[in-house]
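Comments concern the structure below.
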Amino acid sequence: MIIVLRHAPPAEKMAGICYGQLEIPLAVDHAAAADRVVGRLVQLGYQPTDVISSDLQRCSGLAEQLLDHFPQASMAADARLRELDFGEWEGISWDELQLNDGERLDSWMSDWLLASPPAGESLPELERRVFDFCDELDHEGRLVLLVAHAGSIRALRRYFQQDPLDWLELMNQPVEHLAVELLVM
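Using our numbering, you'd call the opening residue of the sequence shown number 40 and step up by one each time.
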């Protein structure tokens, strides 16, 4: 089985900021977030054998805390589970981008399914690296918990669904922070 989990919500000061792959402060600490998640996992009867997270601290810190509750689980971090790379725009508010880099922002937004932000990556590139991760993932007879980001979770959904949704449909499906989602039985 494969279960996915999105990291804790960002701190309020990150509202309106394009943060992509930046290390950012979170609204709750990893221990408190893990306590919330563990309650849900136990309620559902899930005992992970493996915890694999994005290597960014907002995911790997949570994964490390989860191991305190599931000491039998192994842990690994994998950069292929990172969020979309927004390149030059990371750390800048969307309002500031519109004001100071509006032409490139508008150009990207008009073709966001294929284009990449300046010095960043496109959705097809994100999807390719997540699919590469999935191709190598051995989950047979295991319960694997993946701790990741909204973009990589959408790519995971796309990979594991029998009739994969297109990205437009996926973007309309929420990816809640700290929500436990069963992807594969």
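Note that CB positions come from ideal geometry on N, CA and C, so glycine has one too. Bear in mind the structure is a predicted one, so any value in this text is a computation, not a measurement.
What are the boundary residues of the alpha helix (DSSP H) that includes residue i?
{"i": "residue 233", "result": "In the structure displayed, the chain extends from 40 to 224; residue 233 sits before or after that span and is not available."}
{"i": "residue 136", "result": "133–149"}
Classify residue i as helix, strand or coil using the three-state DSSP reduction.
{"i": "residue 154", "result": "coil"}
{"i": "residue 168", "result": "helix"}
{"i": "residue 163", "result": "helix"}
{"i": "residue 195", "result": "helix"}
Suppose you measure from the CA of residue i to the CA of residue j; what does that come to, to the nearest Å?
{"i": "residue 173", "j": "residue 62", "result": "24 angstroms"}
{"i": "residue 229", "j": "residue 190", "result": "Residue 229 lies beyond the residue range present for the chain, which begins at 40 and ends at 224; the question has no answer from this structure."}
{"i": "residue 92", "j": "residue 116", "result": "5 angstroms"}
{"i": "residue 67", "j": "residue 165", "result": "27 angstroms"}
{"i": "residue 58", "j": "residue 46", "result": "14 angstroms"}
{"i": "residue 71", "j": "residue 49", "result": "14 angstroms"}
{"i": "residue 55", "j": "residue 134", "result": "8 angstroms"}
{"i": "residue 41", "j": "residue 178", "result": "7 angstroms"}
Considering residue i, what are the terminal residues of the beta strand (DSSP E) in which it resides?
{"i": "residue 187", "result": "183–187"}
{"i": "residue 44", "result": "41–45"}
{"i": "residue 214", "result": "Neither: residue 214 is in no beta strand (DSSP E) and is coded neither H nor E."}
Item to check | Entirely enclosed alpha helix (DSSP H) segments - the region 51–130, minimum 4 residues | outcome: Listed in chain order, the complete alpha helix (DSSP H) runs (minimum 4 residues) inside the region 51–130 are 69–82, 96–108.
Checklist entry - Is there contact here, the region 162–173 with the region 191–209, by at least three beta-carbon pairs under 8 angstroms? => result The region 162–173 is in contact with the region 191–209.
Item to check | Segment contact flag, the region 200–207 with the region 101–115, C-beta cutoff 8 angstroms, min 3 pairs | outcome: Segments in contact, no.
Next on the checklist: Tell me whether the region 92–102 and the region 142–154 touch, counting them as touching only if at least three CB pairs, one residue from each stretch, are closer than 8 angstroms.
Outcome noted: Note that the region 92–102 does not touch the region 142–154; fewer than 3 beta-carbon pairs, one per stretch, sit closer than 8 angstroms.
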